[in-house]
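Protein chains: 2
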Amino acid sequence: MTMPETRQNGRKSAAPPADRPGRKDDALMVNSVEKAFRVLSAFGRQHQTLNLSQVASETGMDVSAAQRFTHTLTRLGYLHKDAQTKRFELTAKTLDLGYHFVRSSRLLDRAMPYLMHLSKETEETVNLTVRDGTEIIFVSRFLSRHVLNTDVIIGTRMPAYCTAPGIAMLSRLPEEEAMAIIDASDLKAHTPATTWQSDALREKLRQAAAQGYATAFEEVYIGDASIAAPIVDHHGRPEAAVNIATSTSRFSHAEVVQRFSSLVIATAHAISRV
Amino acid sequence: MTMPETRQNGRKSAAPPADRPGRKDDALMVNSVEKAFRVLSAFGRQHQTLNLSQVASETGMDVSAAQRFTHTLTRLGYLHKDAQTKRFELTAKTLDLGYHFVRSSRLLDRAMPYLMHLSKETEETVNLTVRDGTEIIFVSRFLSRHVLNTDVIIGTRMPAYCTAPGIAMLSRLPEEEAMAIIDASDLKAHTPATTWQSDALREKLRQAAAQGYATAFEEVYIGDASIAAPIVDHHGRPEAAVNIATSTSRFSHAEVVQRFSSLVIATAHAISRV
DNA sequence: GGCTATTTATCACAATGCGATAAATTCTAT
DNA sequence: ATAGAATTTATCGCATTGTGATAAATAGCC
Numbered sequence: 210m211t212m213p214e215t216r217q218n219g220r221k222s223a224a225p226p227a228d229r230p231g232r233k234d235d236a237l238m239v240n241s242v243e244k245a246f247r248v249l250s251a252f253g254r255q256h257q258t259l260n261l262s263q264v265a266s267e268t269g270m271d272v273s274a275a276q277r278f279t280h281t282l283t284r285l286g287y288l289h290k291d292a293q294t295k296r297f298e299l300t301a302k303t304l305d306l307g308y309h310f311v312r313s314s315r316l317l318d319r320a321m322p323y324l325m326h327l328s329k330e331t332e333e334t335v336n337l338t339v340r341d342g343t344e345i346i347f348v349s350r351f352l353s354r355h356v357l358n359t360d361v362i363i364g365t366r367m368p369a370y371c372t373a374p375g376i377a378m379l380s381r382l383p384e385e386e387a388m389a390i391i392d393a394s395d396l397k398a399h400t401p402a403t404t405w406q407s408d409a410l411r412e413k414l415r416q417a418a419a420q421g422y423a424t425a426f427e428e429v430y431i432g433d434a435s436i437a438a439p440i441v442d443h444h445g446r447p448e449a450a451v452n453i454a455t456s457t458s459r460f461s462h463a464e465v466v467q468r469f470s471s472l473v474i475a476t477a478h479a480i481s482r483v
Numbered sequence: 210m211t212m213p214e215t216r217q218n219g220r221k222s223a224a225p226p227a228d229r230p231g232r233k234d235d236a237l238m239v240n241s242v243e244k245a246f247r248v249l250s251a252f253g254r255q256h257q258t259l260n261l262s263q264v265a266s267e268t269g270m271d272v273s274a275a276q277r278f279t280h281t282l283t284r285l286g287y288l289h290k291d292a293q294t295k296r297f298e299l300t301a302k303t304l305d306l307g308y309h310f311v312r313s314s315r316l317l318d319r320a321m322p323y324l325m326h327l328s329k330e331t332e333e334t335v336n337l338t339v340r341d342g343t344e345i346i347f348v349s350r351f352l353s354r355h356v357l358n359t360d361v362i363i364g365t366r367m368p369a370y371c372t373a374p375g376i377a378m379l380s381r382l383p384e385e386e387a388m389a390i391i392d393a394s395d396l397k398a399h400t401p402a403t404t405w406q407s408d409a410l411r412e413k414l415r416q417a418a419a420q421g422y423a424t425a426f427e428e429v430y431i432g433d434a435s436i437a438a439p440i441v442d443h444h445g446r447p448e449a450a451v452n453i454a455t456s457t458s459r460f461s462h463a464e465v466v467q468r469f470s471s472l473v474i475a476t477a478h479a480i481s482r483v
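Structure follows, in structure tokens:
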């Protein structure tokens, strides 16, 4: 009946821990923080509201953990719990973080007036995006009066390889590095027009590097037409991209290039730190 | 600045925990989560980047804690640390949370088409706001082509008492409740035109309740003119407000009411669950 | 109505996060 | 340059905090 003693009960007078630092994997990591974010990210278009057990199963935590983190997040104001249905949903307070980001971003500070100007001048949708791994994130957006697309909003992510801003940014990276990112992507044809083969993308990168801008026509959605130029820091490394998004029904490929290429390049250049 | 005492140095061999359940204050609260958010909110317009000791002093944590949480948040991708300067800044990944909120919000789902319609019809800036305590939060925003104000963005907070959407929402609450919120606010005159006395605000609430809309003219910023109507749930409780924001230079008070009051009311009514 | 599936509350335990401290590094001033 | 201050990084023993199992309470469902 004696405990099998797999449990070295903490005392451990002898047998010093071979690797003390490697606790689980990282001594300085506070795992509760990751779990909290895991709970919050369980909500989305599919799961608008979740009850406790759904939170548990969605996040892969046991009920106790789900209980603790939903409770914590509710008290902090990021979750709301319906007293009747006992279901949780995200609150508008979750917008705080992004708000802090926008307010603290020197890039956005600099970029805003130029983006506004470009928006007024072209009357087309203008976006500012940055890269996070293999994806781009929309960080600022001025909608065209005509095309009101509520599908893409601030915070939206898309694969870099099939978007004009993505290619524009990658084109200013050493080719090795850019191709590594592309090869780490989940390459696939979102539409018949998607460029998704590694070789073809390499060619696209070189062309974009040579021209100073990148284009994407119906590569993600049918009907979209986009042209982008990279914003670089003082080392010449890409930190963002400006793009103009319009539709194939309004302009041909040639027209988009002719009308907008020098505008996006000029805007991106103005925003780049000299 | 630092608390002189409060340091009972953990020894405490005797002294069994008198009250086991009431740990610090709440047994289910995971305090690390709050600390993580505290670190993230330390960044903003004032503090675009922070080094480790600044994080510590800004958040009131000791250096060790600051170290652990900046490390954790960096590994999770919400902070970026500049290798040269050793300074931290928020990353675009902080937009994820808000993105999840927008995508999971049934209110926004319902409201979007109506807001778009209102935006096109009026060509003015259209906002959707919700209330959080004494404040309102902008959750959706369609900018007028003319007036591009980059000061107010999604996630921006303002006191409820001096905004049209705030008064509109409060006007659909029992007067007791509304006045309690107003009295909990930090009432002050942001401009000469601000209505900030409790009595005057009570009167404003009653008028808004009677008319079905609320207005605010230069109550926060000089030159702004706003009119709002409340969106209610199936219990008749206010859950949001639609408003049209324009400028006093374009329309007089009377004109704003005449042109827009029935439009915002109709839009708010359409969005309200019937 | 009894049954099942949740949610809420409680608790003993030890692993996890804590915070003090030391080592390494970077910055500053002379 | 070089000492000295300030900040960052690394380490570690310990108690606290979070853990996860379980039980009680509540809500759903035939």
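Top line first, the protein sequences correspond to chains A and B.
FYI, in the numbering used here the residues of the first sequence are 210 to 483.
FYI, in the numbering used here the residues of the second sequence are 210 to 483.
Using N, Cα and C, we set each Cβ at its ideal position, and we do this for glycine too.
| query | Would DSSP call Thr258 of chain B helix, strand or coil? | reply | The residue you call residue 258 of chain B lines up with position 49 of the second sequence. Secondary structure at Thr258 of chain B: coil, using DSSP grouped into helix, strand and coil.
| query | If you measure from the beta carbon of Met367 of chain A to each beta carbon in chain B, is any gap under 9 Å? | reply | The sequence position of residue 367 of chain A within the first sequence is 158, counting from 1. Met367 of chain A does not count as touching chain B.
| query | Is DSSP giving Thr455 of chain B helix, strand or coil here? | reply | Here residue 455 of chain B corresponds to residue number 246 of the second sequence, with the count starting at 1. Here DSSP, grouped into helix, strand and coil, assigns Thr455 of chain B to strand.
| task | Starting from Asp341 of chain A, follow its DSSP beta bridges and name the residues at the other end. | result | Counting from one through the first sequence, the residue named residue 341 of chain A turns up at place 132. DSSP lists A:Glu344 as partners of Asp341 of chain A.
| query | Using a Cβ cut-off of 8 Å, which residues of the region 271-284 of chain A contact any Cβ in chain B, in chain order? | reply | From the region 271-284 of chain A, only Gln276, Arg277, Phe278, His280, Thr281, Leu282 and Arg284 have a Cβ closer than 8 Å to chain B.
| field | Proximal chain B residues relative to Ile480 of chain A, where beta-carbon distance stays under 9 Å | value | On the first sequence, residue 480 of chain A is found 271 positions in, with the first residue counted as 1. Taking a Cβ-Cβ threshold of 9 Å, none of the residues of chain B is close to Ile480 of chain A; the smallest such distance is about 14 Å.
| task | Please confirm if the region 358-365 of chain A is in contact with the region 307-326 of chain B, defined as three or more CB-CB distances below 8 Å between the two stretches. | result | Yes, the region 358-365 of chain A is in contact with the region 307-326 of chain B.
| When you compare only the Cα positions, how much space is there between Gln255 of chain B and Arg315 of chain A? | The sequence position of residue 255 of chain B within the second sequence is 46, counting from 1. The sequence position of residue 315 of chain A within the first sequence is 106, counting from 1. Cα to Cα, the separation comes out at about 11 Å.
| request: Please list the partners that Phe246 of chain B has in chain A, where partner means a Cβ-to-Cβ separation under 7 Å. | output: Within the second sequence, the letter at position 37 stands for residue 246 of chain B. Ordered by position in chain A, the residues that pass the 7 Å Cβ test against Phe246 of chain B are Leu285.
| Where Phe351 of chain A sits in the DSSP three-state scheme | To locate residue 351 of chain A, count along the first sequence from 1; it is residue 142. Phe351 of chain A falls in the strand class under three-state DSSP.
| query | So which residues of chain A does Ile362 of chain B contact, with C-beta pairs closer than 8 Å? | reply | What you label residue 362 of chain B is simply residue 153 of the second sequence in a count that begins at 1. Neighbours of Ile362 of chain B on chain A, chain order: Tyr308 and Val311.
| Measuring CA to CA, which of B:Val465, B:Ala463, B:Ile453 and B:Gln467 is closest to Leu327 of chain B? | On the second sequence, position 118 is the one that residue 327 of chain B refers to. Measuring from the Cα of Leu327 of chain B, the nearest candidate turns out to be B:Ile453.
| Of all Cβ atoms in chain A, is any one closer than 9 Å to the Cβ of Glu298 of chain B? | Locating residue 298 of chain B in the second sequence gives position 89, counting from the first residue. With 9 Å as the cut-off, Glu298 of chain B counts as an interface residue toward chain A.
| request: With a cut-off of 8 Å on the beta carbons, I'd call Ala245 of chain B and Thr281 of chain B a contact; round off their distance for me. | output: One-based indexing of the second sequence puts residue 245 of chain B at position 36. One-based indexing of the second sequence puts residue 281 of chain B at position 72. At roughly 7 Å, the Cβ-Cβ gap stays under 8 Å, so Ala245 of chain B and Thr281 of chain B are in contact.
| Under a three-way DSSP split, which group does Asn240 of chain B fall into? | Reading the second sequence from its first residue, position 31 is the one you call residue 240 of chain B. Per DSSP, reduced to three states, the secondary structure at Asn240 of chain B is helical.
| request: Can you say whether Arg232 of chain A is buried or exposed, counting buried as having 16 or more other CB atoms within 10 angstroms of its CB? | output: Taking the first residue of the first sequence as position 1, residue 232 of chain A is located at position 23. For Arg232 of chain A, the predicted model reports a pLDDT of 39, less than 50, meaning its position is unreliable; a value from the coordinates is still stated below. Of the other Cβ atoms in all chains shown, fewer than 16 fall within 10 Å of the Cβ of Arg232 of chain A; this residue is therefore exposed.
| request: Tell me, please, which residues DSSP counts as bridged to Glu298 of chain B. | output: Taking the second sequence and counting its residues from 1, one reaches residue 298 of chain B at position 89. DSSP output for Glu298 of chain B lists B:His289 as bridge partner(s).
| message | Excluding the 5 residues flanking Glu214 of chain A on each side, which residues of the same chain have their C-beta closer than 6 Å to its C-beta? | response | Working through the first sequence from its first residue, we reach residue 214 of chain A at position 5. At Glu214 of chain A the pLDDT is 29, less than 50, meaning the model places this residue with poor confidence; the figure from the coordinates comes in the next sentence. Cβ neighbours of Glu214 of chain A beyond the five flanking positions: none.
| task | Would you tell me roughly how many angstroms separate the C-alpha atoms of Ala398 of chain B and His443 of chain A, rounded to the nearest one? | result | Against the second sequence, residue 398 of chain B aligns to sequence position 189. Against the first sequence, residue 443 of chain A aligns to sequence position 234. Approximately 44 Å, taken between the alpha carbons.
| query | Which value, in whole angstroms, describes the spacing of the CA atoms of Glu330 of chain A and Ala389 of chain B? | reply | Locating residue 330 of chain A in the first sequence gives position 121, counting from the first residue. Locating residue 389 of chain B in the second sequence gives position 180, counting from the first residue. Each residue's Cα considered, the two are about 48 Å apart.
| At least one CB of chain A closer than 9 Å to the CB of Met378 of chain B: is that the case? | Within the second sequence, numbered from 1, the residue matching residue 378 of chain B stands at position 169. Judged by the 9 Å Cβ criterion, Met378 of chain B is not in contact with chain A.
| query | Just how far apart, CA to CA, sit Gly432 of chain A and Phe460 of chain A? | reply | For the purposes of this step, residue 432 of chain A is taken as the residue at position 223 of the first sequence. For the purposes of this step, residue 460 of chain A is taken as the residue at position 251 of the first sequence. Looking at the two C-alpha atoms, the distance is approximately 10 Å.
| query | Using a Cβ-Cβ cut-off of 7 Å (strictly less than) and excluding sequence neighbours within five positions of Ala417 of chain A, which residues of its own chain qualify? | reply | As a first step, residue 417 of chain A must be located in the first sequence, where it is residue number 208. Excluding residues within five positions, the ones whose Cβ falls inside 7 Å are Ile376, Ala377, Ser380 and Ala423.
| request: Look at Tyr287 of chain A and Leu249 of chain A and say whether their C-beta atoms are less than 9 Å apart. | output: Within the first sequence, the letter at position 78 stands for residue 287 of chain A. Within the first sequence, the letter at position 40 stands for residue 249 of chain A. Their beta carbons are under 9 Å apart, which means Tyr287 of chain A touches Leu249 of chain A by this criterion.
| said: Tell me which residues share the same chain as Ala402 of chain B and place their Cβ nearer than 7 Å to its Cβ, disregarding the 5 neighbours each side in the sequence. | reply: Counted from its first residue, the second sequence places residue 402 of chain B at position 193. Contacts found: Phe426, Glu427 and Glu428.
| For Val502 of chain A, which of B:Leu317, B:Phe278 and B:Thr303 has the nearest alpha-carbon? | The question about residue 502 of chain A has no answer, for chain A in this structure spans 210 to 483.
| request: Report the three-state DSSP secondary structure of Phe426 of chain B (helix, strand or coil). | output: Indexing the second sequence from 1 puts residue 426 of chain B at position 217. Strand at Phe426 of chain B.
| query | Hey, is Pro346 of chain A's beta-carbon within less than 9 Å of any beta-carbon in chain B? | reply | Counting from one through the first sequence, the residue named residue 346 of chain A turns up at place 137. Here residue 346 of chain A turns out to be Ile, not Pro, going by the sequence shown. Output row for Ile346 of chain A: interface = yes.
| message | Rounded to the nearest angstrom, what separates His289 of chain B and Gly342 of chain A at their Cα positions? | response | Position 80 of the second sequence holds residue 289 of chain B. Position 133 of the first sequence holds residue 342 of chain A. Approximately 13 Å between the Cα atoms of the pair.
| How about Ile391 of chain A and Arg415 of chain A: do their beta carbons lie closer than 9 Å? | What you label residue 391 of chain A is simply residue 182 of the first sequence in a count that begins at 1. What you label residue 415 of chain A is simply residue 206 of the first sequence in a count that begins at 1. In this structure, Ile391 of chain A sits away from Arg415 of chain A, with a CB-CB distance that is not shorter than 9 Å.
| message | With a threshold of 9 Å between beta carbons, is Gly445 of chain A in contact with chain B? | response | Residue mapping note: residue 445 of chain A aligns to position 236 of the first sequence, counting from 1. It does not; no Cβ of chain B falls within 9 Å.
| message | Only counting the same chain, and skipping five residues up and downstream in sequence, which positions put a Cβ closer than 8 Å to that of Ser407 of chain A? | response | Numbered from its first residue, the first sequence carries residue 407 of chain A at position 198. Cβ contact annotation for Ser407 of chain A (same chain, cutoff 8 Å, sequence separation greater than five): Met388, Ile391, Asp392 and Leu396, in chain order.
| request: With 9 Å as the threshold, decide whether the Cβ of Leu382 of chain B is near any Cβ in chain A. | output: By 1-based counting over the second sequence, the position of residue 382 of chain B is 173. Taking CB atoms only, Leu382 of chain B has no neighbour in chain A less than 9 Å away.
| Can you list the residues of chain A that Glu243 of chain B reaches, using a CB-CB cut of under 8 Å? | The count along the second sequence starts at 1 and reaches residue 243 of chain B at position 34. For the C-beta of Glu243 of chain B, the chain A residues within less than 8 Å are, from N- to C-terminus, Thr281 and Leu285.
| task | Would you decide whether Asn336 of chain B is buried or exposed? Buried here means 16 or more other CB atoms lie within 10 Å of its CB. | result | In the second sequence, counting from the first residue as 1, residue 336 of chain B sits at position 127. So Asn336 of chain B ends up on the buried side.
| message | Quick check: is the beta carbon of Arg354 of chain A nearer than 9 Å to any beta carbon in chain B? | response | On the first sequence, residue 354 of chain A is found 145 positions in, with the first residue counted as 1. True, the Cβ-Cβ gap to chain B drops below 9 Å.
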